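Participant:
There are 2 protein chains.
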Amino acid sequence: MTNNNWQLQPYLEERTGLIESALDQYLPAVDTLPSSLHAAMRYSVFAGGKRIRPILMLAACEAVGGDLNCVLPAACALEMIHSYSLIHDDLPSMDDDDFRRGQPTNHKVYGEATAILAGDGLLTEAFILLSNPEVWDDTSVIHCREVIHLLAKNAGSRGMVGGQAVDMESEEKTVDLPTLEYIHTHKTGALILAAVEIGAILGGASSIQRRALCRYGEAAGLAFQVADDILDIIADQSELGKDVGSDLQRGKATYPALLGINGARQRARELQRIALSSLDVFDETARPLKEIANYIVDRSF
Amino acid sequence: MTNNNWQLQPYLEERTGLIESALDQYLPAVDTLPSSLHAAMRYSVFAGGKRIRPILMLAACEAVGGDLNCVLPAACALEMIHSYSLIHDDLPSMDDDDFRRGQPTNHKVYGEATAILAGDGLLTEAFILLSNPEVWDDTSVIHCREVIHLLAKNAGSRGMVGGQAVDMESEEKTVDLPTLEYIHTHKTGALILAAVEIGAILGGASSIQRRALCRYGEAAGLAFQVADDILDIIADQSELGKDVGSDLQRGKATYPALLGINGARQRARELQRIALSSLDVFDETARPLKEIANYIVDRSF
């Protein structure tokens, strides 16, 4: 079935609504003690954000004909981990950012101690949720251990946290392309890969489908970061919600710095092609994944 | 069977060796990228420490006649979470401690950014380990989800992290006894309770045994903190590895501050009695738990 009226924007809005109402349900209420900690955790989770990772997880599940309700808790857990990583990355001793998405960062509102603990709380909450008996049924619970393992590995010191560590070490240093790719495949790519792979597992993917989705996830994850690097240079502050060229000011290595704007765009297009071609094994059910890959790259042109 | 030659100290040393060699095996090697992050993670895990939480987990398993090998990975995961919490608690924006157990704290050696990430890495590593297929066999894997859930809940915002958050909020404030008990049952108690409950589960405890061990864990956990508060006032700096009276200087609420030294010791004895009486359902297999409860309280007299 093809649907030429299909549009990405309403799709993203509908999915964002689904994910945000699930997040609201799964996060501890503000009146749960300690209130200020839970307020801080919720502040960053609900401070905007494109929900690209959980949307990708749902879209991967959809591509293999899975049930979205089975994957929604894992999608929320992933978004909690993404939110925690932003809180910690923004801290004064890390990237020292006062604003994110146009709003004051967590530590500017709640103070550094609470921000650190809110991050710790969100990271832990992801695993509380993923191991909650209520979010698994008799069929899906066989995937519980594997999903937790995949998410934790991609979030940890050999995944996202490792990418951030190398990124911090590389500030003000001359960074070569392999190091830059290491930073990005770990810092951003690992969680995006986990998103599509978990969507595949919980959607009941065959091994061919799962491999195809992982290939998509790797390419889309890196493309996302290349596009972000380009946007950091070309976008309005208003559009990005952070200082334009802030990576450059901070002496961070970026794709445009290493390859030039045109070289970086070429790399983004190449990754886009890999992402799209990996979807060849699917029919129209992979339409959202395809359009998301296009959206990720096209916004940097 | 009674064994009057049984001695606590050699037992603790033997168990410490067992746990430390397992930790060494389970933690990412220093030559695994990023090296400096893994060095920082290992630095704090191996910077001394009494291993009281993992030892309690093993002892609970032993009390119900379980196999120690089944519980060792979970014991290491718990110790990783304890280590992460110390790294984050010591940060300048938290307790701002330069020394712990007589050695420079993580951020003094590796810098704040790496210390935050080392904590994040250790917390995540605990869940990587607990969901690793290699640490579960066909019999024990049925407990995987429950053990992860228990550990995460007790470590998170309604457990240990929540206790630390209320502790930070309460600095320089007048704190009443219920708030102090909230701080301690969460900040210290939650992880100690998780230790014995997970030991019970993985040891194959009956529901009566499990309830008894939880009662033990609650009492021993709180006793541990009351004793620590007393020690903070009476101990030599050399003995504790931190500044004497540092809680007092920081305006932290403590049991001796609220109840006086004698009142706090009375509370410790009361908790010791509860812990010991909860072990009545066991025979000699609970000897280590009994002696640990005695050791926890007696060192504050």
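As you go down the protein sequences, you meet chains A and B in turn. Under this note's numbering, the first residue of the first sequence carries the number 1, and numbering increases by one thereafter. Under this note's numbering, the first residue of the second sequence carries the number 1001, and numbering increases by one thereafter. Note that the Cβ used here is the ideal one computed from N, Cα and C, for glycine as well. All of these numbers come straight from a predicted model, not from anything done at the bench.
1. Measuring alpha carbon to alpha carbon, tell me which of B:Y1182, B:P1178 and B:D1138 ends up nearest B:G1159.
2. Taking 8 angstroms as the CB-CB limit, is A:R158 close to chain D?
3. Assuming B:A1220 and B:I1192 are in contact, meaning their beta carbons sit under 8 angstroms apart, how far apart are those beta carbons, in whole angstroms?
4. Compare the Cα-Cα distances from B:D1137 to each of B:S1085, B:V1161, B:D1067 and B:D1176 and report the closest residue.
5. Excluding five sequence neighbours on each side, which residues of the same chain lie with their C-beta closer than 7 angstroms to the C-beta of A:S300?
6. Quick check: what's the CA-CA separation for A:I87 versus B:K1153?
7. Just checking my contact of B:L1023 with B:C1076 at CB under 8 angstroms: how many whole Å lie between their CB atoms?
8. Note the first and the last residue of the continuous alpha helix (DSSP H) segment covering A:R51.
9. Any Cβ of chain A within less than 8 angstroms of the Cβ of B:G1199?
10. Flag B:A1113 as yes if its beta-carbon sits less than 8 angstroms from any beta-carbon of chain A, otherwise no.
11. Classify A:F99 as helix, strand or coil using the three-state DSSP reduction.
12. Thinking C-alpha only, which one of B:V1071, B:C1070 and B:E1013 is nearest B:G1048?
13. For A:P104, which three-state DSSP category applies?
14. Would you mind reading off the limits of the alpha helix (DSSP H) that contains B:G1203?
15. In terms of alpha-carbon separation, which member of A:L122, A:N4 and A:P10 lies closest to A:H38?
16. Determine the DSSP secondary structure at B:A1154, reduced to helix, strand or coil.
17. Could you work out which residues of chain B lie near A:G162, taking near to mean beta carbons separated by less than 8 angstroms?
18. In whole angstroms, give me the CA-to-CA distance for B:A1293 and B:A1165.
19. Might you give, ordered along the chain, the residues of its own chain that have their beta carbon closer than 7 angstroms to the beta carbon of A:C305, omitting 5 neighbours on each side?
20. Should B:M1097 go down as buried or exposed, given a rule of 16 or more other Cβ atoms within 10 Å for buried?
21. Against chain B, with Cβ distances strictly below 8 angstroms, would A:Q108 count as a contact?
22. With DSSP collapsed to three states, give me the class of B:N1262.
23. Grouping DSSP H, G and I as helix and E and B as strand, with all else coil, what is A:F127?
24. What's the gap between the Cα of A:R215 and the Cα of A:I208?
25. Cutting at 7 angstroms between CB atoms, please list the residues of its own chain near A:K187, excluding the five before and the five after it.
26. In its own chain, which residues sit with a C-beta less than 7 angstroms from the C-beta of A:A74, not counting the 5 before and 5 after it?
27. Expressed to the nearest angstrom, what Euclidean distance is found between the alpha-carbon atoms of B:D1280 and B:F1224?
28. Relative to the alpha-carbon of B:E1020, which residue among B:N1005, B:A1257, B:I1055 and B:P1034 has its alpha-carbon at the smallest distance?
29. Give me the Cα-Cα distance between B:R1145 and B:P1104, rounded to the nearest whole angstrom.
30. Are the Cβ atoms of B:A1040 and B:A1155 separated by less than 8 angstroms?
31. Starting from A:Q164, trace the alpha helix (DSSP H) both ways and give me its first and last residue.
32. Name the chain B residues whose beta carbon is nearer than 7 angstroms to that of A:I148?
33. Output yes if chain B places a C-beta closer than 8 angstroms to the C-beta of A:R304; else output no.
34. Assign A:K313 to one of three DSSP states: helix, strand, or coil.
35. Given that a residue counts as buried once 16 or more other Cβ atoms are within 10 Å of its Cβ, and exposed if not, what is B:E1079?
Facilitator: Once the coordinates are examined:
1. Across the set B:Y1182, B:P1178 and B:D1138, the C-alpha of B:Y1182 shows the shortest separation from the C-alpha of B:G1159.
2. Absence of chain D from the displayed structure is noted, the protein chains being A and B.
3. Contact between B:A1220 and B:I1192 is confirmed by a C-beta separation of about 6 angstroms, below the 8 angstroms threshold.
4. Checked all of B:S1085, B:V1161, B:D1067 and B:D1176; the closest Cα to B:D1137 is B:D1067.
5. Excluding residues within five positions, the ones whose Cβ falls inside 7 angstroms are A227, I230, L231, R265 and A268.
6. Looking at the two C-alpha atoms, the distance is approximately 21 angstroms.
7. So it is a contact: roughly 5 angstroms between Cβ atoms.
8. Counting along the chain, A:R51 falls outside any alpha helix (DSSP H), and DSSP gives it neither H nor E.
9. It does not; no Cβ of chain A falls within 8 angstroms.
10. B:A1113 belongs to the set of residues whose beta carbon lies under 8 angstroms from a beta carbon in chain A.
11. Of the three classes helix, strand and coil, the one that applies to A:F99 here is strand, per DSSP.
12. Just measuring C-alpha positions, the residue of B:V1071, B:C1070 and B:E1013 sitting nearest B:G1048 is B:E1013.
13. For A:P104, the secondary structure class from DSSP, reduced to helix, strand or coil, is strand.
14. If you look at B:G1203, you'll find it in the alpha helix (DSSP H) that goes A1190 to G1203.
15. The shortest C-alpha separation from A:H38 is found at A:L122.
16. First, the residue type needs correcting, since residue 1154 of chain B is Asn and not Ala in the sequence shown. Correct three-state label for B:N1154: helix.
17. From the beta-carbon of A:G162, the residues of chain B found nearer than 8 angstroms are L1033, P1034, L1037 and G1121.
18. C-alpha separation (whole angstroms): 27 angstroms.
19. Because residue 305 of chain A is not part of the residues shown, which for chain A are 1 to 301, the question remains open.
20. Reading the sequence as shown, one finds Asp at residue 1097 of chain B and not Met. B:D1097 comes out buried.
21. Per the sequence shown, the amino acid found at residue 108 of chain A is Lys instead of Gln. For A:K108, the answer is no, since every Cβ of chain B falls outside 8 angstroms of its Cβ.
22. In the structure shown, B:N1262 sits in a helix (DSSP, three-state: H, G or I).
23. The answer is helix: DSSP assigns A:F127 an H, G or I state.
24. If you draw a straight line from the Cα of A:R215 to the Cα of A:I208, it is about 11 angstroms long.
25. Listed in chain order, the non-local C-beta contacts of A:K187 below 7 angstroms within the same chain comprise M160, G163, Q164 and D167, local neighbours out to five positions each way being set aside.
26. Within its own chain, the residues whose Cβ lies closer than 7 angstroms to the Cβ of A:A74, once the five positions on either side in sequence are excluded, are M57, L130, V147, I198 and L202, listed in chain order.
27. So the alpha carbons of these two residues sit roughly 20 angstroms apart.
28. Selected option, being the one with the closest Cα: B:I1055.
29. One C-alpha to the other measures close to 37 angstroms.
30. Going by C-beta atoms, B:A1040 is not nearer than 8 angstroms to B:A1155.
31. Residue range M160 to S170 is occupied by the alpha helix (DSSP H) that includes A:Q164.
32. Residues of chain B passing the Cβ test: F1127, S1131 and I1148.
33. A query on residue 304 of chain A cannot be resolved here, the shown segment of chain A reaching from 1 to 301 and no further.
34. The structure shown has nothing for residue 313 of chain A, since chain A only spans 1 to 301.
35. The residue in question, B:E1079, is buried, as its Cβ has 16 or more Cβ neighbours within 10 Å.
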